[in-house]
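Have a look at the structure below, then the notes.
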Amino acid sequence: MEFSYDVEGGNFAKAGNAASSVKKVLKQLNVDPKVIKRIVVALYEGEVNVVAHAYKGKVLVDIDTDRIYIKIEDEGPGIPDIDLAMQVGYSTASAMVREMGFGAGMGLPNMKRNADKINISSKVGEGTIVELTTNLSS
Amino acid sequence: MASTIKVRQIAELLNANVVCGNEMLENDIKCAFASDLMSDVLTLESDQLVLITGLTNMQTVRTAEMADLDCVVFVRGKKVTPEMIEVASENNTVLMECEFSMFRTIGVLHDAGVNPVY
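Structure below.
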């Protein structure tokens with residue numbers, strides 16, 4: 001099963017739409033709620049990252065019987081130093097993002113913690129791709 | 139430990155206005171967490187949790203949905219928007235508005251024996 005969702009940079013009202021939709025699909029597939037929570041928390045943090053930092057982005061979701069693959073791709077400023085961005089507490093988020101309850105340097109670490117496999121590639125001035133793969137069986 | 143409290147009791151203790159989720163007032167809550175930072179809430183693994191927050195926007199309700207929170211108490215007299223009620227109702231999340239400060243809210247629930255997450 002494949003799904004795709006558009007994410008608008010700066011539009012916090014819609015952040016979480018993709019994660020909400022994926023959660024409903026995984027529930028219908030009777031995936032363990034604990035596994036669902038890990039997947040949707042990681043995806044939600046990813047959506048918030050696109051909204052907070054990029055101009056626009058796309059979420060591609062591919063679900064098969066034993067794993068979910070999520071690709072979050074954005075057009076944005078990119079991440080100059082991925083190792084630094086992965087550190088808990090490091091953030092370049094604006095005051096507006098912090099007012100929304102994010103921007104404390106937890107997003108990427110939360111995504112890593114909640115995925116079985118994470119791959120991040122980024123080009124400064126072009127954008128970022130985050131790929132998350134998680135097994136559906138607990 | 140292992141004590142629980144009903145959502146209804148939380149509303150009574152806090153003199154709070156339940157804005158949605160009235161059908162879930164008899165649900166049991168095991169522990170509480172207080173934060174205005176949603177990324178911290180998203181690190182929690184507890185079930186049957188009440189979130190105490192002063193952050194009133196869609197991201198609080200989305201966080202509740204993703205983290206499987208049962209109940210959110212908005213403190214300092216913050217008001218919930220119709221959009222928040224719509225999403226929370228879809229996901230069976232109880233939302234309540236409380237006039238108390240965050241400190242007072244936490245104190246009341248702590249005195250009532252509600253457990254911390256950690």
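Chains A and B, in that order, give the protein sequences. Residue numbers for the first sequence follow the numbering used here, beginning at 1 and rising by one. Residue numbers for the second sequence follow the numbering used here, beginning at 139 and rising by one. Yeah, the Cβ is synthetic: ideal placement off N, Cα and C, and Gly gets one too.
Bridge-paired residues (DSSP) for residue i
| i | result |
| --- | --- |
| TYR55/A | Answer by DSSP bridge pairing: none, since TYR55/A is not bridged. |
| CYS209/B | VAL188/B and VAL232/B |
| PRO254/B | ALA170/B |
| TYR69/A | ASP62/A and THR133/A |
| VAL7/A | GLY57/A |
| ASN155/B | GLU235/B |
| LEU75/A | In the sequence as presented, Leu is not what sits at residue 75/A; that position holds Glu. LYS56/A and GLY127/A. |
8 Å contact criterion, which residue i and residue j should meet: CB distance rounded
| i | j | result |
| --- | --- | --- |
| LEU233/B | VAL179/B | That belief does not hold up - the Cβ atoms of LEU233/B and VAL179/B are roughly 15 Å apart, past 8 Å. |
| VAL246/B | CYS169/B | About 15 Å separates the two Cβ atoms, so there is no contact after all. |
| CYS236/B | VAL211/B | 5 Å |
| SER137/A | ASP66/A | 6 Å |
| TYR55/A | GLY107/A | Contact flag wrong, Cβ pair sits at about 18 Å. |
| LYS58/A | SER4/A | 6 Å |
| PHE102/A | SER177/B | 6 Å |
| VAL225/B | MET196/B | 7 Å |
Chain A contact residues for residue i, given Cβ-Cβ distances below 8 Å
| i | result |
| --- | --- |
| THR181/B | MET106, ASN110 and ARG113 |
Chain-ordered chain B contacts of residue i [CB-CB under 9 Å]
| i | result |
| --- | --- |
| GLY16/A | MET196, GLN197, VAL199, ARG200, THR201, GLU203, MET204 and VAL225 |
| SER20/A | ARG200, GLU203, MET204, VAL225, GLU228 and ASN229 |
Proximal residues of chain B, C-beta to C-beta of residue i below 8 Å
| i | result |
| --- | --- |
| PHE3/A | Simply none; closest approach about 17 Å. |
Interface partners of residue i on chain B, CB under 7 Å
| i | result |
| --- | --- |
| GLY125/A | The contacting residues do not exist; GLY125/A stays about 26 Å from chain B at best. |
Near-chain A residues of the stretch 188–210 of chain B (beta-carbon distance less than 9 Å), N- to C-terminal order: THR191, LEU193, ASN195, MET196, GLN197, THR198, VAL199, ARG200, THR201, GLU203, MET204, ALA205 and ASP206
In chain order, each beta strand (DSSP E) run of at least 3 residues that lies wholly inside the stretch 88–131 of chain A: 117–123
Residues from the stretch 213–235 of chain B in contact with chain A, defined by Cβ distance under 7 Å: none
The stretch 147–177 of chain B: positions lying closer than 9 Å to chain A by Cβ: SER173, ASP174, LEU175, MET176 and SER177
Near-chain B residues of the stretch 24–37 of chain A (beta-carbon distance less than 9 Å), N- to C-terminal order: PRO33, LYS34, ILE36 and LYS37
Contact list for the stretch 37–54 of chain A against chain B, Cβ threshold 7 Å: LYS37, VAL40, VAL41, TYR44 and GLU45
Contact set between the stretch 86–99 of chain A and chain B, restricted to residues whose Cβ is under 7 Å from the partner: none
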